[in-house]
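In the working numbering, the protein residues as written are 1445 to 1534.
Note that the Cβ used here is the ideal one computed from N, Cα and C, for glycine as well.
1. CA-CA distance, residue 1501 and residue 1523?
2. Give a yes or no on whether the C-beta atoms belonging to residue 1470 and residue 1531 are separated by under 8 Å.
3. What do you reckon, are the CB atoms on residue 1458 and residue 1514 nearer than 8 Å?
4. Tell me, please, whether the region 1492-1512 touches the region 1473-1481 by the rule of three or more beta-carbon pairs shorter than 8 Å.
5. Taking the alpha helix (DSSP H) that residue 1523 falls in, what are its first and last residues?
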């Protein structure tokens, strides 16, 4: 795991929006944005996320405007759902 990748994951605004959408759809919190901000670091440190993030950034390094946090093939919706569920269960 790369600390730099975890930082990038935790601070990516598009990924944060996707996590907040998951939180809203799953009725985890009445304020999905605040919940996401509170838990973004543990979600970003989820197993396998940093490696996928780095691979995706490498594969798209010449793609102007590529936003890895908005790429559902990079960090998938099912990965987000599983991470949110794991935080809720802990």
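The relevant details are as follows:
1. One C-alpha to the other measures close to 18 Å.
2. For residue 1470 and residue 1531, no; Cβs fall outside 8 Å.
3. Contact: yes.
4. Result no; under three Cβ-Cβ pairs closer than 8 Å.
5. Per DSSP, residue 1523 belongs to the alpha helix (DSSP H) from 1521-1533.
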